[in-house]
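Asker:
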Amino acid sequence: MTTWISKLGYAGIGVGLVCFGMATSESYSQVGTNMLSAGTNLQVLSANLPSGIQQVVVVDSELRTMAVYQIDPVQGKIQLKSARNVAFDLRLDEFNAMQPLPSELRAVAR
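Following numbering that gives the first Met the number 0, the numbering of the sequence shown begins with 0 at its first residue and continues without gaps.
Right, here's the structure in full:
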């Protein structure tokens, strides 16, 4: 629990860094998607959605977790939209895949 709370604090710092960088740099405002590494195991990806909402994805590569935030540019409100551990997602051989499936390609390649 304490680890998650501390990581959430790091995520908040990452979100703050992205918001600060976007507010102070003209080049950020010209690019729709930005990525920032907070110098730890966190990676932050920011994109402006067509609705004008800014979406920030924070990925912790050590814990294999991710969180998605949306920031309202008018009100400045930050909403946590989703959080999940993706460790088991990354272990799947195939999910929602279309043919030819990866297993079918492996069989042909042998």
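All residues carry an ideal CB built from backbone N, CA and C; glycine is no exception.
Taking the straight line between their C-alpha atoms, what separation do you get for Val-107 and Val-43?
Answerer: Near 39 Å, if we compare the C-alpha coordinates of Val-43 and Val-107.
Asker: What does the Cβ neighbour count give for Ser-45, buried or exposed, with the cut at 16 atoms within 10 Å?
Answerer: Buried, because 16 or more other Cβ atoms sit within 10 Å of the Cβ of Ser-45.
Asker: Specify, as a first and last residue, the run of the beta strand (DSSP E) that Ser-45 falls within.
Answerer: Its beta strand (DSSP E) spans residues 41-47.
Asker: Taking the DSSP output, what are the residues bridged to Ser-81?
Answerer: Val-67.
Asker: Which residues in the same chain as Ala-82 place their Cβ atom closer than 6 Å to its Cβ, once the five residues preceding and following it in sequence are excluded?
Answerer: Only Ala-66 meet the Cβ criterion.
Asker: Give the straight-line distance between the Cα atoms of Val-58 and Leu-41, rounded to the nearest whole angstrom.
Answerer: Computed Cα separation, rounded: 5 Å.
Asker: Give the range of the alpha helix (DSSP H) segment to which Val-107 is assigned.
Answerer: Start and end: 101-108.
Asker: Is the Cβ-Cβ distance between Ile-52 and Ile-77 less than 8 Å?
Answerer: No, the pair does not count as a contact, with Cβ atoms beyond the cut-off.
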